[in-house]
């Protein structure tokens, strides 16, 4: 049988921006959501003069300028699994870190 090779992304429960996901997690933890903001590219370039890791960020910044949506349907179909509901992910994550003192 011939199979087409393509990446099977892990199960993604829903479309959320990073800003929305951070807010959801903060609310689930019962804390005030932090402000998530973009760092201007000119500032990133200036920081890159002193930090080699930051120096690389402008090269991949295009990935952060538009919604980055991953489709998990291939993984769901291949492994016959469905995503864990987002509220369960948040509850389990907060519970884990509360139990482990982090």
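Numbering (my numbering), first residue to last: 878 to 979. Note that beta-carbon positions come from the ideal geometry of N, C-alpha and C, so glycine has one too. These figures come from a predicted structure and were not determined experimentally.
- The alpha-carbon of residue 899 is positioned some 25 Å away from that of residue 958.
- Counting only runs of at least 4 residues, the region 942-966 fully encloses the following alpha helix (DSSP H) elements, listed from N- to C-terminal order: 950-956.
- Residue nearest to residue 911 within the set 956, 896, 961 and 922 is 896 (criterion: CA-CA distance).
- For the pair residue 935 and residue 925, the CB atoms are nearer than the 8 Å cut-off.
- Residue 892 sits in coil when the DSSP states are folded into three classes, being neither helix nor strand.
- The alpha-carbon of residue 973 is positioned some 27 Å away from that of residue 948.
- In terms of Cβ geometry, residue 967 and residue 901 form a close pair [threshold 8 Å].
- Bounds of the alpha helix (DSSP H) holding residue 935 are 929-937.
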